[in-house]
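Student:
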Amino acid sequence: MFQVRIHGRGGQGVVTGAEMLSVVAFFEGRHAQAFPSFGSERTGAPVVAFCRIADKEIRLREPVVEPDCLIVQDPTLFKVIDVFAGLRGDGYLLVNTNKTFSELHIRQIAERLPKGHAVIVPATEFAMKHVGRPVPNAALLGAFAALTQFVRLDSVERAIEQAFPGKIGGANITAAREAHEFVLMQQHAESAA
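Every number in the working numbering is 33 more than the matching position in the sequence shown, counting from 1.
#1: Just verifying my parser: in three-state terms, what is the DSSP assignment at Gly202?
#2: Taking only three categories from DSSP, how would you classify Val57?
#3: Using the rule of at least 16 other Cβ atoms within 10 Å of the residue's Cβ for burial, across every protein chain shown, is Gln106 buried or exposed?
#4: Based on DSSP bridge pairs, tell me the residues matched to Phe68.
#5: Are the CB atoms of Ala192 and Val57 nearer to each other than 9 Å?
#6: Quick check on Asn170: does DSSP put it in helix, strand or coil?
#7: Which term fits Asp101, buried or exposed, when burial requires 16 or more other beta carbons within 10 angstroms of its beta carbon?
#8: Measuring alpha carbon to alpha carbon, tell me which of Glu136, Met34, His221, Leu186 ends up nearest Gly124.
#9: Using a 10 Å radius around the Cβ and a threshold of 16 neighbouring Cβ atoms, would you call Val48 buried or exposed?
#10: Between the C-alpha atoms of Lys148 and Val154, what's the straight-line distance to the nearest angstrom?
#11: Identify the continuous beta strand (DSSP E) that holds Leu103 and give its terminal residues.
#12: Classify Leu127 as buried or exposed, calling it buried when 16 or more other Cβ atoms lie within 10 Å of its own Cβ.
#13: Quick check on this structure: which residue in Ile104, Phe159, Ala222 has the alpha carbon closest to the alpha carbon of Ala248?
Dropping the structure here:
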């Protein structure tokens with residue numbers, strides 16, 4: 034089973050991102066579940082959503098406490114909660130930012146993970162550029178596909194199209210493709226270094 038925990042704030046599409054990821058898994062013939070965990074339900078409040086993906090039926094119903102992948106949609110949360118709690122030593126870290134891990138003061142955490150397992154991607158910038166709104170969830174799914182190689186980009190695109198038909202879906206797919214390419218280029222540069 035592959036478990037993903039997504040941290041963000043209300044209004045950033047955290048829950049929709051987890052739901053789209055579960056649809057990606059269904060498209061690839063796997064079982065999946067996605068569900069949120071809310072504190073106060075208001076825009077800007079911390080939100081956590083979970084997604085589990087497996088090749089067989091998933092019976093667990095509790096929150097993901099030991100994620101294989103951590104997606105952080107809002108790096109200001111590092112100062113508010115322990116986002117990294119339970120992250121597996123061989124896990125993946127995907128942070129939506131245009132800052133470095135050093136600038137975010139999390140370089141040591143990123144360096145504890147295997148080489149190539151921690152990346153930053155300016156997903157909000159890609160969303161603004163293509164969608165016109167600061168909702169990074171679709172772009173982060175494209176980045177997730179590149180980072181983990183656990184799902185395919187074409188499945189991500191189908192899930193986005195299903196969630197957002199028409200022009201909005203097309204714009205989100207473009208943002209996801211750009212984020213996917215951004216992560217692949219980062220990994221290529223890191224492996225060449």
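Yeah, the Cβ is synthetic: ideal placement off N, Cα and C, and Gly gets one too.
Tutor: Taking the geometry as given:
#1: helix
#2: Reduced to three states, the DSSP call for Val57 is helix.
#3: By the neighbour-count rule (16 or more Cβ atoms within 10 Å), Gln106 is buried.
#4: Phe83
#5: yes
#6: helix
#7: buried
#8: Met34
#9: buried
#10: Lys148 and Val154 have their C-alpha atoms roughly 16 Å apart.
#11: 102-105
#12: That one is buried.
#13: Outside the modelled stretch of the chain, which goes from 34 to 226, sits residue 248, for which no answer is possible.
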